[in-house]
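Report on the structure given below.
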Amino acid sequence: MRTTAITLLATAIAGITSAAPAPTTTRGVPLPEDALVVVEASHGGAGSGLTNTTITVPIGTVYTNEALAAVSTLYLLSPNDGVCTPYLYANGTGARGAPFHVGEPSRLSTNTVVVGSVVCETF
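Its first residue numbered 1460, the sequence shown is counted upward by one per residue in our numbering.
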């Protein structure tokens, strides 16, 4: 009897969590799960020795990545309705540069700087 009750309860909880709606923006549009960000680093100054690394940033989280240890410019590839903000610290605080959108990069330095974290949102 007790085993049956536990099994029914577990089944009911599983049904509730699987039926939860996808997170939405204020417009009711499903959020994309990730943003694609290109991290460009200029090794040698003023556009010399450029390297590019593409990272996947979960939407709505404070994100850190070792690729952010050397950054000159940040580019958002997608989503088109996204905006990302670079921060000085890994906890998403401290201004590090301008927010960036698709077609509007955040140019941080002609050399490289350390970005502690990035937060991407949709609007």
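No residue lacks a Cβ here, since even glycine has one placed at the ideal position from N, Cα and C.
Open item on the list: Given this structure, state the Cα-to-Cα distance separating residue 1580 from residue 1541, to the nearest angstrom.
Closed with: 6 Å
Task: DSSP three-state assignment for residue 1658, whether helix, strand or coil - done: Any property of residue 1658 remains undetermined from this structure, which presents the chain solely from 1460 to 1582.
Task: Buried/exposed call for residue 1517, threshold 16 Cβ in 10 Å - done: exposed
Task: Delimiting residues of the beta strand (DSSP E) encompassing residue 1546 - done: 1541-1546
TODO: Classify residue 1526 as helix, strand or coil using the three-state DSSP reduction.
DONE: helix
Task: Coarse secondary structure for residue 1518, derived from DSSP in three states - done: coil
Task: Three-way DSSP call (helix, strand, coil) for residue 1570 in this model - done: coil
Open item on the list: Among the candidates 1564, 1558, 1531 and 1573, whose CA atom is the shortest distance from the CA of residue 1549?
Closed with: 1573
Task: Where residue 1511 falls: helix, strand or coil (DSSP) - done: strand
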